[in-house]
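Numbering-wise (the working numbering), the sequence shown opens with residue 485 and increments by one.
Before any comments, here is the structure.
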Amino acid sequence: MRCASATQRSMHIRGQVHPLPGIDQRVNLACSGAETVNVLSTAAGGQPHLGEAPQTDRLAAVARTARVRLIALSIGGNDLGFGAIIGDCAYDWYFRRLCWKKQAPVVEQKLPGVRAKVTAVVDDIRATMRAAGYADGDYRLVLQSYPSPIPGGESFRLNQNDSDRMFKDGCPFNDRDADWAAYTLVPRIGDMVEAVAGARGTDYLDLRDALAGHEVCALGPEQVGQTGPDARRHEWFRFLDRVNTQGTLEESMHPNAHGQRAMAVCLGLVGAAAPGRYACTQDWFGDGDPSRMRIRQAV
């Protein structure tokens, strides 16, 4: 199995939609499914992932050959088992069971440990960059949270008992489970990442509501079909794909090219703004155009 590192990730396409002064090259070190141990440098106990060296080791190599200006870090979701939670909730939908009651206490138990792991990654990146000759102020380190791939239960297109919620729309979740995922799980992860950013003095980009209204199965947008993608009328996430019609299973419930482009705009805006805490939002006068995203001070 190879590392699935999307060419449309927001860090990779950032310069195409919001150029950053002084940045003319983008390097994608991310790998789908990576946990914090796969980001930590080998010296800090990091481990390879799917044939790739630890990401901070590869960052060190880049830092020695180029002048790094901005590092975007999105980590922690896989340590919490976000993908497994989604899979478990989908399984329980099939048997008409709720998953949130058993998953919620597990997540709460894991959060403090994951926060410590994310903090260790930030410290390791700082140490690695210092060893490469950088002062902390020579570059921006932006911690990003995660957008919710599904809406709350009241905003699904189809009734939770309709089999097409799975077989047509690709989002087999009970309404109560969707409420928990969208209104509790994703915000709790975001709060954890924000706490690390505050404690370690990094920038923070809150993405939890960035793609709202374009989630999988949400009322309003359509599933991307064979006629060609249109960001204004289509979803900005990949649906839960069991037969690989939209790429690999690992890409399910991740932002698609539209979603990545929207997040790219916000990352570019953060890079051009003063250091701080920001939330990525849509321009409601932008008619669903991901190139017209905005940032505001995070509350």
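Built from N, CA and C at the ideal position, the CB exists for glycine as well.
Unbroken alpha helix (DSSP H) run spanning residue i, endpoints
i	result
I673	V670 to R684
Q816	For the chain, the structure presents residues 485 to 783; residue 816 sits outside this window and is missing.
R722	No alpha helix (DSSP H) contains R722, which DSSP labels as neither H nor E.
T520	T520 to V523
Backbone secondary structure at residue i - three-state DSSP
i	result
E536	strand
M737	coil
G776	At residue 776 the sequence reads Arg, which differs from the Gly that was named. Helix, per DSSP.
A665	helix
D771	coil
E706	strand
A514	coil
V727	Residue placement at V727 is poorly supported in this model, since its pLDDT is 49, which falls under 50; the coordinates are not used for a value here.
Q781	strand
P635	coil
D508	coil
Endpoints, the beta strand (DSSP E) within which residue i is located
i	result
D690	D687 to D690
R649	Looking at the DSSP string, R649 is not in any beta strand (DSSP E); the run it does join, the alpha helix (DSSP H), is D648 to F651.
Q766	R761 to Q766
8 Å contact criterion, which residue i and residue j should meet: CB distance rounded
i	j	result
D608	S736	The pair is not a contact, with the Cβ atoms about 30 Å apart (cut-off 8 Å).
Q539	N522	7 Å
R746	M777	First, the residue type needs correcting, since residue 746 is Ala and not Arg in the sequence shown. Yes, they are in contact, since the Cβ atoms of A746 and M777 sit about 5 Å apart, within 8 Å.
A662	G685	With a Cβ gap of about 35 Å, A662 and G685 do not count as contacting.
F657	I673	About 17 Å separates the two Cβ atoms, so there is no contact after all.
W577	W664	That pair is no contact at about 13 Å.
D514	H533	Residue identity differs from the one stated: residue 514 is Ala in this sequence, not Asp. Not confirmed; about 10 Å, so no contact.
M631	L695	Going by the sequence as given, residue 631 is Pro instead of Met. Going by Cβ atoms, the distance from P631 to L695 rounds to 5 Å, so yes, they are a contact pair.
A715	P774	5 Å
R649	L582	At roughly 15 Å, the Cβ-Cβ gap does not stay under 8 Å, so R649 and L582 are not in contact.
Residue i beta carbon near the ligand MN (any heavy atom closer than 8 Å)
i	result
V677	The model depicted lacks the ligand MN and carries no ligand whatsoever.
Closer than 9 Å to chain B by CB, residue i
i	result
L595	Of the protein chains in the structure, only one exists, and it is not chain B.
Next item on the list: Take every Cβ of the segment 643-655, pair it with every Cβ of the segment 690-709, and state whether three or more of those distances are shorter than 8 Å.
Entry: The count of Cβ pairs closer than 8 Å, one atom from the segment 643-655 and one from the segment 690-709, reaches three, so the stretches are in contact.
Next item on the list: Could you name each continuous alpha helix (DSSP H) segment of 4 residues or more that falls completely within the segment 547-628, going from the start of the chain to the end?
Entry: 566-578 and 584-615
Next item on the list: Decide yes or no for the touch test of the segment 625-633 against the segment 546-557: beta carbon pairs closer than 8 Å, at least 3 of them.
Entry: yes
Check: Taking three-plus beta-carbon pairs below 8 Å as touching, is the segment 674-685 in contact with the segment 598-606?
Finding: yes
Notebook entry, point to check: If you pair each beta-carbon of the segment 739-756 with each one of the segment 711-721, do three or more pairs fall below 8 Å?
Noted result: yes
Checklist line | the segment 689-696 contacting the segment 610-621, beta-carbon criterion three pairs below 8 Å | finding: no
Note to self: Any contact between the segment 559-573 and the segment 636-647? By contact I mean 3 or more CB pairs, one from each, below 8 Å.
What the structure shows: no
Notebook entry, point to check: Within the chosen definition, does the segment 580-594 reach the segment 533-551 through at least 3 CB pairs nearer than 8 Å?
Noted result: no
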